[in-house]
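What follows is a single structure, written as structure tokens, with notes after it.
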Amino acid sequence: MSDAAALEVTHIAKRFGGLVALRDVSFRVAEGEVMGLIGPNGAGKSTLFEIVSGNLPPSGGRVAFFGRDCTADPPHVRRRAGLCRSFQKVRLFETMSVGENIAVAARQCLPPDKDWRAEVTSILERMRLTPQADRLPSEITLADRKKVEIGRAIAGYCRVLMLDESLSGLTHDEAEELIGEILALNRDTGITVIVVEHVLSVLAKMVKRLVVLHNATVIADGTPSEIAHDPVVIEAYLGTKASVLR
Ligand SMILES: Nc1ncnc2c1ncn2[C@@H]1O[C@H](COP(=O)(O)OP(=O)(O)OP(=O)(O)O)[C@@H](O)[C@H]1O
Ligand SMILES: [Mg+2]
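Heads up, the sequence shown is in the working numbering, so the first residue is -12 and it goes up one at a time.
See the structure below:
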């Protein structure tokens, strides 16, 4: 693997009082890679995103962004450097239009000398949301709300995009379409993407590599096919609602 890891987490730990949410989590993501992160409910996926984005401090370990230790950097510094994420629970301004929602992010994240209006136009086109630009979030589909959330996440400058269950709750066709758009974003711009989902079959279509979190720690790291046949992974998913192969 190249030396220039876009993102590297090393020995990350997180405790909430007596609850261990993450334990000795280490992996790296190469620049330009699309990587999946799967695990059952409560495995620690969102907590890891919170730590990588700087919203939560880790109890131990470090986060490096393009080789630079950013563990102590506040969230807005990481965001301006291009470390971007979407939220599992989509958070939009419900009284603002789709275009205005994206504009808020563009104005926050772009340097003052850059044209935020051009950025909004470009993101609306990129996410195929131009026809919805003047609608309120309550007037568009869940799939489009997820696209607005991704548009807000990439506004300004984005080098690594972490997507927390952007595909969940979508119909098969909607998920296929969004996967196509995420892959096109990666292909056209070189943005590194980390996608969190519960189920391997969804991710197998879009990633060449997966990390599996279970009970707060990494239990496997490999191709979708290796993961699907890994006895430790199969065992971990037995007894959970989500079958790894579903
Ligand atoms: N702020 C918090 N305070 C206390 N416990 C927390 C907090 N955030 C998460 N946890 C706990 O940490 C564990 C990991 O939660 P996390 O949300 O990271 O899991 P997840 O893998 O994202 O799950 P899901 O697939 O349901 O989204 C869970 O036991 C959760 O209850
Ligand atoms: Mg989660």
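C-beta: ideal position from N, C-alpha, C; glycine also.
Sequence-ordered residues whose beta carbon comes within less than 7 Å of a heavy atom of ligand 2 | The answer, residue by residue, is Lys32, Ser33, Gln75, Asp151, Glu152, Val183.
Run the proximity test for Asn28: is its beta-carbon closer than 7 Å to any non-hydrogen atom belonging to ligand 1?
-> The answer is yes for Asn28.
What are the boundary residues of the beta strand (DSSP E) that Thr204 is part of?
-> Residues 204 to 209.
Assigned exposure category for His201 - 16 Cβ within 10 Å defines buried | Burial call: buried.
Sorry if obvious, but does the Cβ on Leu274 come closer than 7 Å to a heavy atom of ligand 1?
-> Because residue 274 is not part of the residues shown, which for the chain are -12 to 233, the question remains open.
Can you tell me which of Val199, His(-2), His63 puts its alpha carbon nearest to the alpha carbon of Val220?
-> Distances from the alpha-carbon of Val220 to those of Val199, His(-2), His63 put Val199 closest.
Tell me the DSSP bridge mates of Ile151?
-> The amino acid occupying residue 151 in the given sequence is Asp; Ile does not appear at that position. Bridge partners of Asp151: Val183.
CA-CA distance, Gly86 and Val183?
-> Approximately 26 Å between the Cα atoms of the pair.
Does DSSP classify Glu106 as helix, strand or coil?
-> Here Glu106 sits in helix by DSSP.
What does a CB cutoff of less than 6 Å around Gly69 pick up in its chain, not counting 5 residues either side in sequence?
-> Here the set comprises Tyr144, Cys145, Arg146.
From the DSSP output, in three-state form, read off His216 for me.
-> Coil at His216, not helix or strand.
Is it the case that the Cβ atoms of Arg2 and Ser46 are separated by a distance below 8 Å?
-> Arg2 is a Cβ neighbour of Ser46, given a cutoff of 8 Å.
If you check the beta carbons only, do Ile89 and Arg139 fall under 8 Å apart?
-> Yes, Cβ-Cβ distance for Ile89 and Arg139 is below 8 Å.
Could you pull out every residue in the same chain whose Cβ sits closer than 6 Å to the Cβ of Thr23, ignoring the five residues on either side in sequence?
-> What sits at residue 23 in the sequence shown is Gly, not Thr. If we look at Gly23 and ignore the five residues flanking it on each side, its Cβ neighbours are Val182, Leu190, Val194, Leu197.
Could you name the residues of the same chain whose beta carbon sits closer than 6 Å to that of Gly48, not counting the 5 residues immediately before and after it, in chain order?
-> Here the set comprises Thr(-3), His(-2), Ile(-1), Ala0.
Return the chain-ordered list of same chain residues with a C-beta closer than 6 Å to the C-beta of Ala59, the five sequence neighbours on each side being excluded.
-> None.
Sort out for me which residues DSSP pairs Lys101 with in a bridge.
-> DSSP output for Lys101 lists no bridge partner at all.
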